[in-house]
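Since the structure comes first, as structure tokens, the remarks are kept for the end.
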Amino acid sequence: MGQMKENKSIPFFIAFIGLEFVVSWFQKRKLSGRINDGISSLSLGILSRLPDVLFRSVDLISYIYIWNNYRLFELPWDSPWTWYLTLVGVDFAYYCFHRISHEVNILWAAHQVHHSSEDYNLFTALRQSVLQKYTSWIFNLPMALFIPPSVFAVHLQFNLLYQFWIHTEVINKLGPLEWILNTPSHHRVHHGRNPYCIDKNYGGTLIIWDRIFGTFEAEDAKVVYGLTHPVNSFDPIMLQLRPLAHIWNTFWATPGFCNKLSVIFKGPGWGPGKPRLGLPEEIPVITGKEVLFNPHVPAYLNCYAVVHFVIIVDLYTELLGTVTMLSQGTILLRIGFIILSLTSFGLLMENRPKAGILEIIRCLVFIGVYKLGHLRSQFSSLGYAYEVDCV
Numbered sequence: 274m275g276q277m278k279e280n281k282s283i284p285f286f287i288a289f290i291g292l293e294f295v296v297s298w299f300q301k302r303k304l305s306g307r308i309n310d311g312i313s314s315l316s317l318g319i320l321s322r323l324p325d326v327l328f329r330s331v332d333l334i335s336y337i338y339i340w341n342n343y344r345l346f347e348l349p350w351d352s353p354w355t356w357y358l359t360l361v362g363v364d365f366a367y368y369c370f371h372r373i374s375h376e377v378n379i380l381w382a383a384h385q386v387h388h389s390s391e392d393y394n395l396f397t398a399l400r401q402s403v404l405q406k407y408t409s410w411i412f413n414l415p416m417a418l419f420i421p422p423s424v425f426a427v428h429l430q431f432n433l434l435y436q437f438w439i440h441t442e443v444i445n446k447l448g449p450l451e452w453i454l455n456t457p458s459h460h461r462v463h464h465g466r467n468p469y470c471i472d473k474n475y476g477g478t479l480i481i482w483d484r485i486f487g488t489f490e491a492e493d494a495k496v497v498y499g500l501t502h503p504v505n506s507f508d509p510i511m512l513q514l515r516p517l518a519h520i521w522n523t524f525w526a527t528p529g530f531c532n533k534l535s536v537i538f539k540g541p542g543w544g545p546g547k548p549r550l551g552l553p554e555e556i557p558v559i560t561g562k563e564v565l566f567n568p569h570v571p572a573y574l575n576c577y578a579v580v581h582f583v584i585i586v587d588l589y590t591e592l593l594g595t596v597t598m599l600s601q602g603t604i605l606l607r608i609g610f611i612i613l614s615l616t617s618f619g620l621l622m623e624n625r626p627k628a629g630i631l632e633i634i635r636c637l638v639f640i641g642v643y644k645l646g647h648l649r650s651q652f653s654s655l656g657y658a659y660e661v662d663c664v
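So the sequence shown is numbered by our numbering: it starts at 274 and just counts up by one.
Right, here's the structure in full:
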């Protein structure tokens, strides 16, 4: 069911991204975002969803288990008040999870993937962590004591889909709605690395939690997007794992057992002798001269990467639609090839010296997987094209 819903949502995402391009062109006479960053964001989005091909949703499995075994009472699913309560409950749970993901280093290591883009557009909304979903489910469990799973599932999807459209610069402030709803203006602040933007505006659909708990900040100075210490990579594997490697190295380099635990469970800005969330004055000041990570890549290489990325997106969507009909071996081979491809595209976008070698290996792997019969017949002409590429 999860794969079917995702398949149906892909045209929705594509249509809105296209609309954002059109509006951005009329507003600024340029398209929003960059090819390299867009491919990186979509690659991270695909990578984050691949575990769902093999495993069932931990959100719903855990929720249904608590509901079946420990619910205290059952609110009527057909009551409007149940739906209103669930709307508020899901968003409050998201606020709590989102805030703690910024304030606990090990959770930030997963969530920072979403903040690593230096652009801010609808591609950024799809830039997600592989690991984050394995901690967020805990915050929804209290609702399983009284809210039916069917109602919860609808609002969980709604909360997620709502957050897609607020990742844009083409929509300005929305008047009185800014007091209640999370809007593009509020969320631009959340994605900023300006000192005034750090750890602000955590809400999903509603901004009221931030106003209540003191984490609200209105958009003021021009927002500069990304991490305070940019990762400077388009490699999706690197973006997912480098923060964990940093925590690992810092853990062993920090003296004292309590300090080591603090490296994991206090804020990403913490250090010995500092407050839990670090010192605000250590946040890098925005000068207005920040340079985006944007390695020069020849136009033909950009075109090559875009064409082959579209092919991988097609393979991914086809995998989602046919996963129940495929053998485990075919599923694993396709997932492996998708991961290899996304990594190769990331290195191509960085114009890395060994990117060409990895791309040749990727083409050879495609031919091998195709010859073994693990790709659909529609790829027959593509298999020939890959053989030509390798030659």
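Quick reminder that beta carbons are idealized off the backbone N, C-alpha and C, glycines included. Since the model is a prediction, treat every value here as computed from it, not as a measurement.
Taking 8 angstroms as the CB-CB cut-off, is residue i touching chain D?
{"i": "residue 387", "result": "No chain D is part of this structure, which consists of one protein chain only."}
Given a cut-off of 8 angstroms, decide if residue j and residue i are closer than it, judged by their beta-carbon atoms.
{"i": "residue 517", "j": "residue 382", "result": "yes"}
{"i": "residue 467", "j": "residue 491", "result": "no"}
{"i": "residue 363", "j": "residue 447", "result": "no"}
{"i": "residue 619", "j": "residue 321", "result": "no"}
{"i": "residue 498", "j": "residue 464", "result": "yes"}
{"i": "residue 520", "j": "residue 378", "result": "yes"}
{"i": "residue 405", "j": "residue 384", "result": "yes"}
{"i": "residue 647", "j": "residue 603", "result": "yes"}
{"i": "residue 440", "j": "residue 474", "result": "no"}
{"i": "residue 401", "j": "residue 318", "result": "yes"}
{"i": "residue 477", "j": "residue 435", "result": "yes"}
{"i": "residue 391", "j": "residue 565", "result": "yes"}
{"i": "residue 306", "j": "residue 396", "result": "yes"}
{"i": "residue 668", "j": "residue 437", "result": "Only positions 274 to 664 of the chain appear in the structure, and residue 668 is not among them; the question remains open."}
For residue i, does the count of other Cβ atoms within 10 angstroms reach 16, so buried, or fall short, so exposed?
{"i": "residue 657", "result": "Unreliable placement is indicated for residue 657, whose pLDDT of 48 sits below 50; no coordinate value is reported for it."}
{"i": "residue 644", "result": "exposed"}
{"i": "residue 600", "result": "exposed"}
{"i": "residue 485", "result": "exposed"}
{"i": "residue 526", "result": "exposed"}
{"i": "residue 300", "result": "exposed"}
{"i": "residue 302", "result": "exposed"}
{"i": "residue 588", "result": "buried"}
{"i": "residue 327", "result": "exposed"}
{"i": "residue 561", "result": "exposed"}
{"i": "residue 380", "result": "buried"}
{"i": "residue 288", "result": "exposed"}
{"i": "residue 536", "result": "buried"}
{"i": "residue 480", "result": "buried"}
{"i": "residue 354", "result": "exposed"}
{"i": "residue 285", "result": "exposed"}
Sort the options by Cα distance to residue i and report the nearest one.
{"i": "residue 563", "options": "545, 376 and 500", "result": "500"}
{"i": "residue 351", "options": "424, 545 and 411", "result": "424"}
{"i": "residue 504", "options": "328, 389 and 648", "result": "389"}
{"i": "residue 623", "options": "587, 310, 282 and 287", "result": "310"}
{"i": "residue 558", "options": "528, 496 and 519", "result": "496"}
{"i": "residue 316", "options": "525, 386 and 529", "result": "386"}
{"i": "residue 403", "options": "487, 572, 373 and 511", "result": "511"}
{"i": "residue 472", "options": "489, 457, 480 and 481", "result": "489"}
{"i": "residue 297", "options": "353, 641, 444 and 524", "result": "444"}
{"i": "residue 608", "options": "515, 323 and 330", "result": "323"}
{"i": "residue 617", "options": "513, 548, 502 and 581", "result": "581"}
With a threshold of 7 angstroms (Cβ to nearest heavy atom), would residue i be considered close to the ligand SAH?
{"i": "residue 311", "result": "The ligand SAH is absent from the structure shown, which contains no ligands of any kind."}
For the segment 436 to 455 against the segment 332 to 349, do three or more pairs of beta-carbon atoms, one drawn from each stretch, fall closer than 8 angstroms, so that the two count as touching? Counting Cβ pairs under 8 angstroms, fewer than three are found: no touch.
Touch check for the segment 563 to 582 and the segment 404 to 422: three-plus C-beta pairs under 8 angstroms? no
State whether the segment 624 to 643 contacts the segment 588 to 602, with contact taken as three or more CB pairs (one from each stretch) at a distance under 8 angstroms. no
Below 8 angstroms, how does it come out for the segment 419 to 431 and the segment 357 to 375: are there three or more Cβ pairs, yes or no? Two segments are said to touch when three or more pairs of C-beta atoms, one from each, lie closer than 8 angstroms; by this definition the segment 419 to 431 touches the segment 357 to 375.
Hey, is the segment 606 to 619 in contact with the segment 632 to 640, meaning 3+ C-beta pairs nearer than 8 angstroms? yes
Report the residue ranges of all alpha helix (DSSP H) runs contained in full by the segment 305 to 373; include only those spanning at least 4 residues, in chain order. 308 to 322, 324 to 327 and 331 to 343
What are the complete alpha helix (DSSP H) segments, minimum 4 residues, inside the segment 420 to 462? 422 to 438
Sufficient close CB pairs (3 or more, under 8 angstroms) joining the segment 290 to 308 to the segment 535 to 552: Flag = no, the segment 290 to 308 and the segment 535 to 552 do not touch.
Three-pair Cβ contact test at 8 angstroms for the segment 364 to 374 versus the segment 538 to 547: no
Scan the segment 515 to 582 and note each continuous alpha helix (DSSP H) run of 4 residues or more that stays entirely inside, going in chain order. 530 to 538
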